[in-house]
Structure formats: C-alpha cells, structure tokens
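Novice: Residue numbers (this note's numbering): 1021 to 1358. Here it is: the structure, laid out below.
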Ligand SMILES: Cc1cc2nc3c(=O)[nH]c(=O)nc-3n(C[C@H](O)[C@H](O)[C@H](O)COP(=O)(O)O)c2cc1C
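What follows is the structure, encoded as structure tokens:
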C-alpha cells in the first residue's frame, strides 16, 4: 500500500547538503506558511555499510522534525513535514536505517538517486544508481520494507546519468519499488548543476510514465515559476533548491526589504551557534555557503558584493557586518539604493 503524503501545499524545499540542517529549515519554515511550503528535507544522510544510529538521524531531524512528525500523524496540515533523506546502496544497512526512521516517527523517508559527487558515485550510491533502474526499484522496495508501512517512502532521481534515455524506466522503477512520490530533478548527472535553461519536458515525461504524484525540480527560480512549472508539466509539487537560497521567501512570494533580509542572515548565523551547536568557524562556513547564493533585499550586493563576504575569515567580523549594517540610503526619486 502506498502511504499518503504528509503535505498538500504545492512547494517543497529541496534537500541541500551543507545548507538544509535544522536551523536553516526552521528559518525558512517560519517565513513561509504551510499553505505555501509543504515540507523540507534534511541534507542527505549517508548510509554506508552499517545502519545509521537513531542519535544521528535525530540530529539531522532537529526539534522541528519531531514536531512536524507528530502533526503529520494527526493529519494536521498546518505544520510542514520534514523528510529524512538517505543516500546509500547497501540494502541491509538501508533497510535497518529505514526501520530506525520509522521507530523515530519520521514523517517521510526520501532516497537520493541524484548526487553527482565523486564520493557518492565511487560507492555506487546517489546518481551512480541511475545506470541501473532495477537497483533503484530494489532500494525503494527495501526502504519500504524497512519502514513497515508506517510512513511514505519517496525517491529523488535525476533525468538520467549521461543522458535522459532511461528517464521513463527510472520513474517506473521508483513506482514499482513502492515510492509514494517521485521527485525528478530535470538535469542529468552529466549536466550537474548547470544554471542555463532547464528542460521541464523531462518532468512531463515522468508524469506521463507513472501514476504516483511527481514533484518537479530544477530551475524553479521565482515564486511564479512554481505554478508555471506545475502547469506546464502536470507535476503535483514543485521542489526548490537554489532559488530558496537566493530568496528564502520564494515559497510565499513576499518581496522583502534590506533590513528583513539582513535580519535573516544574522539570525541564521546566531541560531547555528546557539541552537545548532556550531562553533563560530562552522557557523561562518555555513553562512558563507548561503551568502554565495543569497540575493534577498540586496544585502549582499549592497555591502561589498559576494566576493567581500566570501573573503571574510573571521566569524566575529562577519557577524559584525550584519549587526551594524545600515539600510542603504535610498534615492527618494528613483527608490534605488545609492
Ligand atoms: C549546495 C547543494 C547541496 C545539495 N545537496 C543535496 C542533497 O543533500 N540531496 C539531494 O537530493 N540533492 C541535493 N542537491 C540538489 C538539490 O536538491 C536540487 O535537486 C538541485 O539543486 C536542483 O534544483 P534547483 O535548480 O532548484 O537548485 C543539492 C544542491 C545544492 C546546490
């Protein structure tokens, strides 16, 4: 039996390693109501040859993960769900880790079939599995068995490994394995994270190939793109990655001013230290990863541009930039920051 999904809102925040730990997810969830943002995902949790301990899964889920899980069990759609993403190919370890997730009461378990990094492909995990659709089906089936019908299992694929020739076969493999939702990142592994035009027709092909709901991903870069992509492809959901790092309000479509955007970056840094238990150097590294993309409110551009921020090596100085930064003087005639 396919498990019902714990969200109904049209958009989801993509799993992003190095970014979507609990503090970032919490800040984004706080700014986008669950009517717009249905759920978020952990960064991928790598499963090698041993089950991942529950303590590690709990750390990835964070407090909100637990909370959202409880709400999902009550079918309370006012709280967005947090999905736990696993990446691995060892069937025994994946099944046992899925069982741990079920025991913790996770709302949704997602399997990663898209990571193009050498660390993943060299261990035949992530996008390496796109070369063998039957392995995709087998892993999904194994995870479904592991969760013992207590939560939905979902799969996130790319359009293919070198090309998109196997796309339909991959989509059906996930469905045959028992996935409740299929996310299709419309770039192939070979296309990496290219930011030139994406091919949403690949999402439409996946929608036609399966009867489970499809979540389209790739190049959804504005609030309007959420509906545009869903209308063009027939996808039930839209997943947003870098668009949400550029503008964390992308789900609700609110345009924020300089001070609001600055406060987001400041709160992110502070929360990483106070709640995320990151050392200041770790908070700096994570904040810089975000600043690399962040364009909301014109903060990064106004205060020296991304290069100046990324060159900062001292956490205290980095935080001070956010504390004292005044709103840029506005030219009242044009409304443009001087
Ligand atoms: C910094 C970064 C980290 C990522 N980490 C993950 C990950 O942990 N799991 C995953 O399935 N995809 C990961 N992705 C891929 C995104 O989830 C998404 O599929 C991709 O960025 C395409 O969506 P976009 O065009 O909206 O950015 C990552 C992407 C980025 C940019």
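For glycine and all other residues, C-beta sits at the position ideal for the given N, C-alpha and C.
Less than 7 Å separating the Cβ of residue 1176 from some heavy atom of ligand 1?
Specialist: yes
Novice: Going by the CB atoms, is the gap between residue 1263 and residue 1240 shorter than 8 Å?
Specialist: yes
Novice: Excluding the 5 residues preceding and the 5 following residue 1062 in the sequence, name in chain order all residues of the same chain whose CB lies nearer than 6 Å to its CB.
Specialist: 1080, 1104, 1105
Novice: How big is the Cα-Cα spacing for residue 1250 and residue 1269?
Specialist: 19 Å
Novice: Can you say whether residue 1176 is buried or exposed, counting buried as having 16 or more other CB atoms within 10 angstroms of its CB?
Specialist: buried
Novice: Could you say if the region 1306-1326 and the region 1049-1069 meet the contact criterion of at least three C-beta pairs nearer than 8 Å?
Specialist: Not touching, per the Cβ criterion.
Novice: What three-state label does DSSP hand residue 1263 in the structure shown?
Specialist: helix
Novice: Using 10 angstroms around the beta-carbon of residue 1162, count the other beta-carbons present and answer buried if the total reaches 16, otherwise exposed.
Specialist: A residue is called buried when at least 16 other Cβ atoms come within 10 angstroms of its Cβ; residue 1162 meets this threshold and is buried.
Novice: Ligand 1 and residue 1237: does any heavy atom of the ligand fall closer than 7 Å to the residue's C-beta?
Specialist: yes
Novice: Rounded to a whole number of angstroms, what is the C-alpha to C-alpha distance between residue 1048 and residue 1042?
Specialist: Rounded to the nearest angstrom, the two C-alpha atoms are 10 Å apart.
Novice: Where do the N-terminal and C-terminal ends of the alpha helix (DSSP H) with residue 1135 fall, by residue?
Specialist: Premise fails: residue 1135 is in no alpha helix (DSSP H) and is neither H nor E.
Novice: Please report the straight-line C-alpha distance between residue 1326 and residue 1284, rounded to a whole angstrom.
Specialist: 16 Å
Novice: If you scan the region 1191-1262 from start to end, which runs of the beta strand (DSSP E) of 3 or more residues do you find wholly inside it?
Specialist: 1201-1205, 1234-1237, 1257-1260
Novice: Would you decide whether residue 1130 is buried or exposed? Buried here means 16 or more other CB atoms lie within 10 Å of its CB.
Specialist: buried
Novice: Between residue 1110 and the rest of its own chain, which residues show a CB-CB distance below 8 Å, the 5 nearest in sequence each way excluded?
Specialist: 1067, 1068, 1069
Novice: Once DSSP output is grouped into helix, strand and coil, what is the label at residue 1094?
Specialist: Here the model assigns residue 1094 a pLDDT of 49, short of 50, so the residue's position is not dependable and the matter cannot be decided.
Novice: Less than 8 Å between the C-beta atoms of residue 1202 and residue 1226, yes or no?
Specialist: yes
Novice: Please classify residue 1094 as buried or exposed, where buried requires at least 16 other C-beta atoms within 10 Å of its C-beta.
Specialist: Model confidence at residue 1094 stands at a pLDDT of 49, short of 50, so the residue's coordinates are unreliable; what they give is reported in the following sentence. Residue 1094 is exposed by the Cβ-count criterion.
Novice: Please find out if some non-hydrogen atom of ligand 1 comes closer than 7 Å to the beta-carbon of residue 1036.
Specialist: yes
Novice: From residue 1212 to residue 1136, what distance separates their C-alpha atoms?
Specialist: Computed Cα separation, rounded: 7 Å.
Novice: Shortest alpha-carbon distance to residue 1071 belongs to which of 1192, 1107, 1100, 1246?
Specialist: 1107
Novice: Rounded to whole angstroms, what's the CA-CA distance from residue 1237 to residue 1341? Just pull it up for me.
Specialist: 34 Å
Novice: Does at least one heavy atom of ligand 1 sit under 7 Å from the Cβ of residue 1272?
Specialist: no
Novice: Given 7 Å as the limit, tell me if residue 1247 has its C-beta closer than that to any heavy atom belonging to ligand 1.
Specialist: no
Novice: Less than 7 Å separating the Cβ of residue 1359 from some heavy atom of ligand 1?
Specialist: Residue 1359 is absent from the structure shown; the chain starts at 1021 and stops at 1358.
Novice: Could you tell me which residues DSSP pairs with residue 1036 in its beta bridges?
Specialist: According to DSSP, which records beta bridges pairwise, residue 1036 is partnered with nothing at all.
Novice: Taking the C-alpha atoms as reference points, what is the distance between residue 1143 and residue 1280?
Specialist: 43 Å
Novice: With a threshold of 16 other CB atoms inside 10 Å of the CB of residue 1148, please say whether the residue is buried or exposed.
Specialist: Buried, because 16 or more other Cβ atoms sit within 10 Å of the Cβ of residue 1148.
Novice: If we ignore side chains and look at the alpha-carbon of each, how far apart do residue 1117 and residue 1145 end up?
Specialist: 15 Å
Novice: Please report the residue range of the alpha helix (DSSP H) in which residue 1283 lies.
Specialist: 1278-1294
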